[in-house]
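Everything below concerns the one structure shown next.
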Amino acid sequence: MNRCVIGLQWGDEGKGKVVDILAEDSAVVVRYNGGANAGHTVVVGNEKFALHLLPSGSVRPETACVITSAVVVDPETLIGEIDNLSKKGITLDGRLFISENAHLVLDYHKKEDQLREEALGKNKIGTTIRGIGPCNADKVGRSCALRMGDLHDIGHFEDKLSAVVAYKNRIFKALYNAEPMDADVILKKCKTYAEKLLPFTIDTTEYVHNALAAGKSVLFEGAQGSMLDIDHGTFPFVTSANVSALGMPAGAGVPAKLVNEFVGVAKCYTTRVGAGPFPTELDNHIGQYIRDRGHEYGTTTGRPRRCGWFDAVVVSYSVTIGGIDSVALMHLDTLTGLDELKVCVGYEIDGKRTSFFPANIEKLAKAECVYQTLACWKDDITGVTDFNQLPANARDYIGFIEKTIKRPVTMIGVGPNRKQTIFRRP
Ligand code: GDP
Ligand code: IMO
Ligand code: MG
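Each residue of the sequence shown is one higher than the last, beginning at 31 in the numbering used here.
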């Protein structure tokens, strides 16, 4: 059984938790997109892991972990994560495989990200400042790109790095009047990266295909969420890659037809960090209630997340474009205690009703939400493990979402812990 986990909203849906759970039945977990802009949380007992680059399967000692060529790798963050797990007694030796073709996120990418955002002022995207956009731009531009495998020949790497840093410095000076960066300082760090990371690098496409051919169960872990997809999300307030399910084949180097189940992950409400349109946003005490109860602060940047009602137009769009088979709905427990719940079932744009998401922010800015109101529940549900034990209103809420998005809800989160999950199979 090969599965792929995909975020259906604007990220932070709870993919880390779902991947950790599904990894129990998987021999290999493959992270195939994004970079250290992602923050995937796994909670096991009293231990909490916040992973940015390592696949969420890495906390399970028997699971092989792959980082493919489409992941933009910040070596410093990755080494920090490997060391952190090692301190907790979890070693990745012999089971972590990093693509030799993965592009490197270096200091000048982060600086460029920051300078660009500052220059944009009130029009900023609200990026994570992890250098993701600039690194992907260098990848597509090709001439300035440096990849993991380039570290094998450090002399050649040094030549290329010097040229790239000189080029970047000219841009920093001309556009932002910023201080130049020192290529030697970056090179010194890169020598350490080479020493620590090259032992893990291989041809990951070959590795994953060998695993598939051997009948091993492979789990593909998506980062970000479908609304942040560069082509199909809320452009320009998106990330710099195809992070909906459509990006999985290219990111993993594996055709979608080899994936038996695409599992979409959504929260029972909606959150977003960074700027951009958010039709169901609750900029009021209800949004604050959700933020407080759900601890809605970014795993990567610590920024407060914007919170709003569940938007079935958004989730229906993500499941439709991505061919999602089943859905995991997280954070049901966070809604407990509200007076009532609303689900957005359509938009009115210029007097016309639509239930198909318009991925055009001029149209989206004019969208007025059409809501269905449902009853909430008061009982604590954080210990419930059987769907039938949930309060009737909670079951009705899930049932309503299922009917509206036309996909079965097969997992329900009632707390951050691995065990706080209700499983349902149709
Ligand atoms: P990801 O980026 O999709 O992996 O999600 P994040 O880890 O960034 O954010 C999800 C947050 O919600 C994390 O703090 C999780 O521990 C937490 N979480 C996941 N599922 C649930 C749930 O069902 N209930 C509650 N209360 N917290 C959850
Ligand atoms: P996970 O995998 C939430 C958002 C940023 C910003 C936009 C562009 O944890 O769900 P970038 O740094 O990628 O150029 O920022 O994308 N963003 C995320 N939001 N969760 C994420 O990842 C995100 N990765 C990027 O907040 O709005
Ligand atoms: Mg996250």
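All C-beta atoms, glycine included, are put in the ideal place defined by N, C-alpha and C.
This one's a predicted model, so the numbers in the text were calculated from it and none came from an experiment.
Just to confirm, does residue i get its C-beta within under 7 Å of one of the non-hydrogen atoms of ligand 1?
i	result
GLY44	yes
PRO334	no
THR157	no
LYS47	yes
THR300	no
VAL414	no
MET360	yes
Taking 8 Å as the threshold (C-beta atoms), are residue j and residue i in contact?
i	j	result
TYR138	VAL195	yes
ASP55	SER247	yes
ALA94	ALA57	yes
TYR347	VAL373	no
MET278	PHE250	yes
VAL293	VAL48	yes
ARG425	ILE354	no
GLU77	VAL295	no
LEU404	TYR427	yes
THR71	THR329	yes
ILE51	THR451	yes
THR231	GLY179	yes
ILE316	LEU368	yes
VAL59	PRO85	yes
Compute every distance between the C-beta of residue i and the non-hydrogen atoms of ligand 2, then say whether any falls below 7 Å.
i	result
LEU258	yes
GLN254	yes
ALA68	yes
THR107	no
Mind checking whether the beta-carbon of residue i lies closer than 7 Å to any heavy atom of ligand 3?
i	result
THR366	no
ALA271	no
ALA244	no
THR26	Residue numbering for the chain in the displayed model covers 31 to 456; residue 26 lies beyond these limits and cannot be assessed.
GLY443	no
GLY64	no
GLY41	yes
Assign residue i to one of three DSSP states: helix, strand, or coil.
i	result
ASP113	helix
ASP322	helix
ASP355	coil
SER129	strand
ASP183	coil
ILE120	coil
PHE387	coil
PRO334	strand
CYS165	helix
ARG177	strand
GLN402	strand
ASN153	helix
ASP426	helix
VAL439	strand
ASN199	helix
ASN418	helix
LEU371	strand
LEU134	strand
TYR347	helix
VAL289	coil
ASP341	strand
TYR299	coil
Does any CB atom of chain E fall closer than 8 Å to the CB of residue i?
i	result
ASP113	The structure shown contains no chain E, having only a single protein chain.
Say yes only if the C-beta of residue i is nearer than 7 Å to one or more non-hydrogen atoms of ligand 4, and no if none qualify.
i	result
ASP363	This structure simply doesn't include ligand 4; it includes ligand 1, ligand 2 and ligand 3 instead.
Item to complete: Starting from the N-terminal side, write out each stretch of the beta strand (DSSP E) that is 3 residues or longer and does not extend beyond the segment 57–104.
Response: 58–61, 70–74, 77–81 and 94–97
Worksheet item: Is the segment 318–326 touching the segment 361–372, taking contact as three or more C-beta pairs under 8 Å?
Response: yes
Practice prompt. Starting from the N-terminal side, write out each stretch of the alpha helix (DSSP H) that is 4 residues or longer and does not extend beyond the segment 221–286.
Written response: 234–243 and 278–282
Worksheet entry | the segment 110–120 contacting the segment 189–206, beta-carbon criterion three pairs below 8 Å | no
Worksheet item: So, do the segment 256–271 and the segment 301–316 have three or more beta carbon pairs nearer to each other than 8 Å?
Response: yes
Item to complete: Spell out a yes or no on whether the segment 175–189 and the segment 138–149 are touching, meaning 3 or more CB-CB pairs, one atom from each, closer than 8 Å.
Response: Segments in contact, no.
Practice prompt. For the segment 96–103 and the segment 124–139, state whether three or more C-beta atom pairs, one from each stretch, are separated by less than 8 Å.
Written response: Three or more beta-carbon pairs separated by less than 8 Å link the segment 96–103 to the segment 124–139, which places the two stretches in contact.
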